[in-house]
Amino acid sequence: MKNGYLRFSFWSVNICFLLVAYLGILPFIGKDFFPDLVAGNLPLDLFLTFVLIISTPTAVSLSRISFFSKSYKIMEVNDFGEVIFPQVNFPLGKLFFGIEVPLLILCLARLFWLRELTPVTIFIIFTACLAILSFTYEIFRFHNFYPKTMLSVQMVGHSLILLIGGYIGAIALFYLIPLGAISGFVFVYG
Numbered sequence: 107m108k109n110g111y112l113r114f115s116f117w118s119v120n121i122c123f124l125l126v127a128y129l130g131i132l133p134f135i136g137k138d139f140f141p142d143l144v145a146g147n148l149p150l151d152l153f154l155t156f157v158l159i160i161s162t163p164t165a166v167s168l169s170r171i172s173f174f175s176k177s178y179k180i181m182e183v184n185d186f187g188e189v190i191f192p193q194v195n196f197p198l199g200k201l202f203f204g205i206e207v208p209l210l211i212l213c214l215a216r217l218f219w220l221r222e223l224t225p226v227t228i229f230i231i232f233t234a235c236l237a238i239l240s241f242t243y244e245i246f247r248f249h250n251f252y253p254k255t256m257l258s259v260q261m262v263g264h265s266l267i268l269l270i271g272g273y274i275g276a277i278a279l280f281y282l283i284p285l286g287a288i289s290g291f292v293f294v295y296g
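Read in order, the letters of the sequence shown are residues 107 to 296 in this note's numbering.
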């Protein structure tokens with residue numbers, strides 16, 4: 107039952123993203139992006155953000171239809187020299203909530219909210235990208251064995267995820283506390 111709700115939310119959100127990307131953004135705004143980039147009127151980072159907004163839901167939807175919907179086998183050799191073929195499945199919730207949504211939110215924030223990139227915003231975007239890459243590696247790794255150096259790198263990545271989540275939560279509190287106070291005031295005296 108839970109998996110059905112997750113599939114429904116995944117496909118409904120992805121279909122909305124695809125409709126907005128291909129029917130809303132690409133025909134009206136996207137047709138001017140490449141000529142502006144060539145003319146030098148558009149920074150490269152905004153163009154790459156635009157490409158990521160268009161390609162992320164497309165790639166995730168196509169990969170979910172063909173590649174990730176089936177488990178497949180990858181050859182491994184264990185400690186005794188025997189060849190094994192483990193089954194690999196990619197969880198839909200981790201793919202959707204751990205990679206696609208954070209990447210789209212980051213790209214939309216860069217496109218519509220962060221106009222100028224200061225060193226602080228570059229650091230925040232870079233840290234968020236490292237956190238997404240760390241989580242992506244966690245999902246797409248094909249073995250259960252971690253070398254000691256990879257465990258350290260993975261721990262740093264998980265710490266970055268925690269720091270970015272705390273930072274976004276702290277920023278959200280600046281908006282949620284006054285909104286909650288106003289809503290409570292309207293509900294009580296309203």
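Cβ atoms here follow ideal geometry from the backbone N, Cα and C, with glycine treated the same way.
Check whether the Cβ atoms of Ile205 and Phe241 sit closer than 8 Å, and answer yes or no. For the purposes of this step, residue 205 is taken as residue 99 along the sequence shown, with counting starting at 1. For the purposes of this step, residue 241 is taken as residue 135 along the sequence shown, with counting starting at 1. A contact, by the Cβ cut-off of 8 Å.
Please classify Pro149: does DSSP put it in a helix, a strand, or coil? Locating residue 149 in the sequence shown gives position 43, counting from the first residue. Pro149: coil per DSSP, three-state reduction.
Could you check the C-alpha separation between Pro159 and Phe246 for me, to the nearest Å? On the sequence shown, position 53 is the one that residue 159 refers to. On the sequence shown, position 140 is the one that residue 246 refers to. According to the sequence shown, residue 159 is Ile rather than Pro. Between Ile159 and Phe246, the C-alpha separation is close to 21 Å.
Three-way DSSP call (helix, strand, coil) for Leu223 in this model: Start at 1 with the first residue of the sequence shown, and residue 223 comes out as number 117. Reduced to three states, the DSSP call for Leu223 is coil.
Which value, in whole angstroms, describes the spacing of the CA atoms of Thr162 and Phe293? If you number the sequence shown from 1, residue 162 lands on position 56. If you number the sequence shown from 1, residue 293 lands on position 187. Looking at the two C-alpha atoms, the distance is approximately 41 Å.
Just the C-alpha distance for Trp219 and Leu210, rounded to the nearest angstrom, thanks. The residue you call residue 219 lines up with position 113 of the sequence shown. The residue you call residue 210 lines up with position 104 of the sequence shown. Each residue's alpha carbon lies about 13 Å from the other.
Report the three-state DSSP secondary structure of Ile274 (helix, strand or coil). Your numbering for residue 274 matches position 168 in the sequence shown. Here Ile274 sits in helix by DSSP.
Report all residues from its chain with a CB closer than 6 Å to the CB of Asp142; omit the five preceding and five following residues, and keep chain order. Translated into the one-based positions of the sequence shown, residue 142 becomes position 36. Within the same chain, Asp142 has close Cβ partners Leu148.
Express the C-alpha separation of Glu244 and Phe191 in angstroms, rounding to a whole number. Counted from its first residue, the sequence shown places residue 191 at position 85. Counted from its first residue, the sequence shown places residue 244 at position 138. Residue placement at Phe191 is poorly supported in this model, since its pLDDT is 46, which falls under 50; the coordinates still yield a value, given next. Looking at the two C-alpha atoms, the distance is approximately 19 Å.
Of the residues Phe280, Ile238, Pro284, Leu266, which one's Cα is nearest the Cα of Lys200? For the purposes of this step, residue 200 is taken as residue 94 along the sequence shown, with counting starting at 1. Nearest option by C-alpha distance: Ile238.
Can you grab the Cα-Cα spacing for the pair Tyr281 / Pro253, in whole Å? By one-based count along the sequence shown, residue 281 stands at place 175. By one-based count along the sequence shown, residue 253 stands at place 147. Answer to the nearest angstrom: the Cα atoms are 43 Å apart.
Please go through the same chain and pick out, in chain order, the residues whose beta-carbon is closer than 7 Å to the beta-carbon of Met256, but skip the five residues on each side of it. Against the sequence shown, residue 256 aligns to sequence position 150. Answer for Met256: no residue qualifies.
Any contact of the stretch 221-240 with the stretch 127-147, i.e. 3+ C-beta pairs under 8 Å? no
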